[in-house]
Structures are given as structure tokens and as C-alpha cells.
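In the working numbering, the protein residues as written are 4 to 117.
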Amino acid sequence: MKFLILPLFGIVCIVGLLGNALIMYIMQFKIRQKSITDIYVTNLAVADFIFLFMLPFWAIEMGMNGRWIFGRVLCKSTSGSTYVYMYASVFFLAAMSVDRLFAVVFYGHSQKLR
Numbered sequence: 004m005k006f007l008i009l010p011l012f013g014i015v016c017i018v019g020l021l022g023n024a025l026i027m028y029i030m031q032f033k034i035r036q037k038s039i040t041d042i043y044v045t046n047l048a049v050a051d052f053i054f055l056f057m058l059p060f061w062a063i064e065m066g067m068n069g070r071w072i073f074g075r076v077l078c079k080s081t082s083g084s085t086y087v088y089m090y091a092s093v094f095f096l097a098a099m100s101v102d103r104l105f106a107v108v109f110y111g112h113s114q115k116l117r
């Protein structure tokens, strides 16, 4: 099972890092007038990028049968960034949903609120 998961982690990491880097580049340099949704998508891409940057460390730990070889500081920062990613992703998705709700339900008033 481990021999299937580790290459899959590598593929997900490479494709995800490239995809999120492309999204951040496009949002930052190619879109002139940014909407609130564009800002949420950019923040979500940054959170995903941070998580994907830490994914190889988790894969190596899995390959070493749960033994962490990178030291205490990297263990704490990897674990901390994973929790920050999880909460940030949920927050940005919820914020996008609420923003879209206001845009659809309160169409006339939502422009003033946003």
C-alpha cells in the first residue's frame, strides 16, 4: 500500500504546487480589477500552496514507518502549518459562500455591503 501512496503524494505535490503557483501568478499579475471572490481564491491558493509544500515531509515520514527524521522544529512547524491550512481553507470557502449568498439573495444591497 505504501508503494502506491508515496508516488501519489509526489504527483499530487508537484501538480498542486504548479497549479496553485499558476493561480497566484494569474491573480496577482494578470487580473487588473480584482473582485472579492478573486481575493478569496488567491488566499485559498496560498493556503493550499503552504500545505502542498509540507506534503513531502509527511510522505517521507510515512515512508520511514512513522519515524520523523527532520528534527523537532520542523516537526512543530509542519504540524502547525497543516492545522493553519485546514482552518484557513474552511474559512475562505465559508467566506466565499457567504459572499455569494449576499450577492444572490440581496442583489441590490450587496454592492453596498461588499
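Ideal Cβ positions, reconstructed from N, Cα and C, are used throughout, including at glycine.
Beta-carbon contacts of residue i that lie in its chain and below 8 Å, excluding the five residues immediately before and after
| i | result |
| --- | --- |
| residue 70 | 64 |
| residue 20 | 52, 55, 56 |
DSSP state of residue i mapped onto helix, strand, coil
| i | result |
| --- | --- |
| residue 68 | coil |
| residue 109 | coil |
Close beta carbons around residue i, own chain, < 6 Å, minus the five adjacent residues each side
| i | result |
| --- | --- |
| residue 42 | none |
| residue 72 | none |
Proximity to residue i [Cα-Cα], best of the options
| i | options | result |
| --- | --- | --- |
| residue 104 | 74, 77, 40 | 40 |
| residue 7 | 66, 102, 32, 75 | 66 |
Next on the checklist: Tell me whether the region 36-53 and the region 93-100 touch, counting them as touching only if at least three CB pairs, one residue from each stretch, are closer than 8 Å.
Outcome noted: yes
Next on the checklist: Would you call the region 77-93 in contact with the region 52-61, where contact means no fewer than 3 C-beta pairs closer than 8 Å?
Outcome noted: yes
Item to check | 3-residue-minimum beta strand (DSSP E) runs that sit fully inside the region 20-87, ordered along the chain | outcome: Secondary structure in the region 20-87: no beta strand (DSSP E) run of 3 residues or longer lies completely within the stretch.
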